[in-house]
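Only one structure is covered here, and it is reproduced in the block below.
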Amino acid sequence: MTDTISPSCWALLAFCSCRNCRLLQDAAEIAFAIRHGFLPCHIVHFSQVSILFSLIFFKQSTAVQTHECLRTCEWPPRPKICRYDFTIEWFHTMSTDCMDCPHNQTHCSRPQCIPADGFPRAITVVNKMFPGPSIQVCEHDTIEVKVQNNLINGESVAIHWHGIHQRGTPHMDGVPLVTQCPIPYRSSFTYKFKAELAGTFYWHAHGVQRVDGASGFLIVRQAAPNEVHSGMYDQDRPDHLLILQDWLDELFIDRYARVYLRADYAKLSSESLLINGRGSSLGFPVEASNDTVYVPRHVFHVQQGQRYRFRTVSNIVMECLLEVSVDGHNLTIIASDGAPVEPLEVGSVGLTSGERYDFVLDAKREVGKYWLRVKGRSACKHLEELALVVYDGAEGHPDPPEERPQPSGVQLNPFNTKSSNSVVNVHELSSAETTISWSFSGGEDAIGNADVVHYIGLDFKEVNNPNYNNPIYNPAYGAPGDPSVFTGIPTPQINRVTFRPPVVPLLTQSREISEFEICTFESTRAMQDHCKEQFCECTHVLEVDLGQVVELVLVDEGLFENNHPMHIHGYNFHVLARGKIGESTTVEEVIRLDQAGNITRRTQRAPVKDTVPVPDGGYVVIRFLADNPGWWLFHCHVEIHFLVTRNLTVQCATKSLPGELIFPSALWEMVDKFSARESGMSLVIHVGSDDDLPPLPNDLPRCGGDWYPKEEQPEVRPPAITPENGAGTPQGGLLTSLAGIVALVLGQLCLYR
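For any residue, its number in our numbering is found by taking its place in the sequence shown, counting from 1, and adding 5.
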C-alpha cells in the first residue's frame, strides 16, 4: 500500500527543519507547502531542509505523487476541480543529481535524478520528472493544467490529452496549428476540460517533445457501482501503472535527420526499451569485482491472494511493437483504450503506439519474484526490458531471466499475424455491454449502417519529395545507368498526399487560411494520377456532416513491413473488421474484395478504441458517429511516420481588408522562434460547421500578434547570508546539522513506521 505520513509527523518534520524554530506559524506553513509540493522559500533556506527533502522526495519519487484528486471515487459523484502546474524544460539523463547511480542504487531514486537506461543524453521533461506528473482523478472532475514553456531554445509546445474527447472544449485538444497556437517560450497556457469518460489515458506533448520525454499518465477512475469489472479485482492501485517507450541514444530531431536525410534505415529502431522511465540496457563495470551493474528496474508489489488491476500505456515513437507478459501468470484483459471489453485471459498482449490495455493479475502463485517482460517486435525485435512483480514476503534475488521465453497461452494482438486458436486480434475482442451506449448514443442500431464510406490508403510512397531530395541536385529518380530507378527517401502519405499544417489554427482562425492551402478528399481524388508521379502536399481535410455515421476502411498498402497505429482525436470508434491480405495490397484490391462481399463487418459488440494498428498488407474497418463538432486530427501515432520538423513560427505583419481573403505568405512574416511542426501520414476530420462549434473563450490566444497571457519569469535570488539569520556562522552550521539529524530520525519514524 502507498505510504502515509501523519499530519503530526509532517508538522514535526517541518518544525524541526525550520531555521526559526520559535515560529510555529512558519513551521505550519512549511508543512502545508511540502504536502502540496512546493517550498516557501521566503521562510526556509535550502540547507536547513536538504536532508528532510531527500527523505520525502526519495519516497515520493519512487511512488505516486499525492494530490487531493487521487481518492476513492464516490456515487453519487462529488466532483472536484483538479489543478496542476506543468513546467516543460530541457534536462539531462544521468545528470549530477544522480551522483553515483547506478553503482549506488539508491542514488538512482534521488530527487530530479532521471537515469533512463543509463545513457547520458538531453531530454525534455515536465517538472523535472520522467515520466511526467501523474494525473489521477475521478469521473466528472474538472482538470486544469497550467503549462509553462521554459524550453530555452525558444521551441514552442502544446500538450495533448490522449483519449479525451474534449466535448464542448475542442480548443483544449492540444494540437499545434489545428486546435490552438503552440505555447511560445516563456509563456503559459491553461488547459481546462472535464473528465467525462473513465478509463486509462495519457498526456503527451504533441510534437518532438513527446519522443524526448514529455509524457505521463492520465487516469480517470469511476465509482465502483459504475465500474463494470469492479468485481474482477481487489485493488486498483495508483502505482500499478506502466508507461512503455522505446528510447533513443540521441534527440529525435537528430534521428529524424539520419533516417530521412541520410537514408540510414538501420536507425528506424531504437536503442532500448523503458518501463516507467527505467531501462537496463547499458551496463556499468565494477572494477573491484569485475561485475556489471545496471539502472535498477521498476518493481510492482503484490500480496498473495489479491487480484490487481494494471493499466498499461504504449508511448512508442519508432517502428516498434511491444509484447507484455508476466512469468508464471496469465493476464485477464478488461479494457482497451479506456473502453471496457469482455474479459479475455491471455498469456501476452501486444501494443502499438498510443494503445492502452488494462489487465488483471491474480497473485495466486507461490510467494516469490516474477519477471514482467516487455519484448520488442518489428524493427525492435532485438530489444527486451524487464520489471519485477514481487510478492510480499519474498526474499533474496530473483532467478536470472531466461533467454526470451515464449509466453504460453493465447496471444492478443501479435505483430502482423492472422487469427488462430492461439491468436486473438483486436477486432475479435467484444465490448462490455455498457460500452455500446458509452460510445454511441443510439446503441448498436446507430452503427448498423454507415452514411458515408471512405477508403484510405496508408503507406510510404516513392515520390520526389523536395523536403528530402533537391529535384535539381539530388533527384529521387536517377540511379546510374537507369533513371527509372528510385534512389530517394520514401514519403509517408495518406491517399498519396502528405499533410502540411496550416500557418494558423484551423479551429480558431480558419478564415485566415487560403483555400489553396487546404485540399479535401474530393479535390485530391481528381489529382490521384498526378500524385502517383509527383509529390503532393497540403492541409488534408476530410469533411463530415454533423450526425453522420462515418466508416473508414484503412488500407496499409505495405511498402515496408510495419504497422500503422491510427489514432483519432475527439472520438473513439468501433473496429468492425480486420484482415491481412499479403505482404502488400492496394486500395483498389480492398475495394474489389469489399464489393464482392469478402469483408464481413461485425456490428454486434464490436470493440471500441481510439487507436488501432493496421496490419502491413491488410486493412481495418472502423465506424463512428460524428456527433462532436470540430477539427480533429487523425494520424499514424508512430512519430517517425507522422513527421516532426522544426520550422519558424509566423507573426502577424499587417492588417487586412474586411472580408478579403489574403494568402498566408502575404499576411505573415517570419520571427525568430521555433515551433513544433507535424506533417506526413495524417489528415484532419472536420465535423460540422463553425455554427456547430461551442463558443470559444474570448482570451484564447491567436497566432500572430502578442501571445496572451504573456508571463515573465521572476528573478529568484537566494537570501542574503547574515549573522541575523544564522547562516555563515559556527552557531548556524551547528544548528543546521542538529536540525538535519532530528529531521532524519523523525523521517525514519514517520516514513517507515
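Think of the CB as a built atom: it goes at the ideal place given N, C-alpha and C, for glycine as much as any other residue.
Buried or exposed (CB count within 10 angstroms, at least 16 for buried), residue i
i: T605; result: exposed
i: E764; result: Because the chain here runs from 6 to 758, residue 764 falls outside it and cannot be looked at.
i: L266; result: exposed
i: S139; result: buried
i: I461; result: buried
i: T184; result: buried
i: V180; result: buried
i: L356; result: buried
i: M104; result: exposed
i: F5; result: One cannot answer for residue 5 here, as it falls past the ends of the chain, which runs 6 to 758.
i: T529; result: buried
i: P175; result: buried
i: R597; result: exposed
i: P706; result: buried
i: A271; result: exposed
i: E527; result: exposed
i: A601; result: exposed
i: T101; result: exposed
i: Q171; result: buried
i: E73; result: exposed
i: R382; result: buried
i: I477; result: exposed
i: I645; result: buried
i: G563; result: buried
i: W80; result: exposed
Three-way DSSP call (helix, strand, coil) for residue i in this model
i: F91; result: strand
i: P570; result: strand
i: S22; result: Confidence in S22 is poor, its pLDDT being 41 and thus under 50, which makes the residue's placement unreliable; the coordinate value appears in the next sentence. Residue state, collapsed to three classes: helix.
i: D363; result: strand
i: R530; result: helix
i: V592; result: helix
i: S139; result: coil
i: P419; result: coil
i: R628; result: strand
i: H112; result: helix
i: G552; result: coil
i: H432; result: helix
i: V216; result: helix
i: I477; result: coil
i: G42; result: Interpretation of G42 is limited by its pLDDT of 40, a score under 50 that renders its predicted location unreliable; no figure is taken from the coordinates.
i: E517; result: helix
i: E538; result: helix
i: S235; result: helix
i: R83; result: coil
i: Y190; result: coil
i: G453; result: coil
Presumed contact (8 angstroms Cβ cut-off) between residue i and residue j, rounded CB distance
i: L247; j: L349; result: Contact flag wrong, Cβ pair sits at about 18 angstroms.
i: I338; j: V354; result: 6 angstroms
i: F639; j: S687; result: 7 angstroms
Beta-bridge pairing of residue i - partner residues as DSSP gives them
i: V150; result: Y89 and Y196
i: C325; result: S383
i: T544; result: I523
i: A127; result: H97
i: R283; result: I280
i: F289; result: V298
i: D561; result: L463 and G623
i: E204; result: Note on residue identity: the sequence assigns Gly, not Glu, to residue 204. Answer is V225.
i: R610; result: Beta-bridge pairing links R610 to no other residue.
i: L393; result: V304 and W376
Minimum C-alpha distance to residue i - residue among the options
i: L391; options: S286, S435, G212 and K151; result: S286
i: F629; options: C118, V554 and M571; result: V554
i: P290; options: G284, V298 and S100; result: V298
i: A229; options: C143, R361 and G288; result: C143
i: G693; options: Q600, D550 and H579; result: D550
i: H838; options: L202, V264 and T129; result: Here the chain covers residues 6 to 758 and nothing more, so residue 838 does not appear.
i: N430; options: Q311, K369 and K585; result: K585
i: F222; options: I164, S275 and S235; result: I164
i: S274; options: L327, D244 and V300; result: L327
i: V329; options: G587, I573, Y624 and V415; result: V415
i: V394; options: R191, R312, S436 and H306; result: H306
i: C385; options: A344, H245, G373 and L253; result: L253
beta-carbon residue i near the ligand FMN non-hydrogen atom, thresh 6 angstroms
i: K614; result: The ligand FMN is not part of this structure, which contains no ligands at all.
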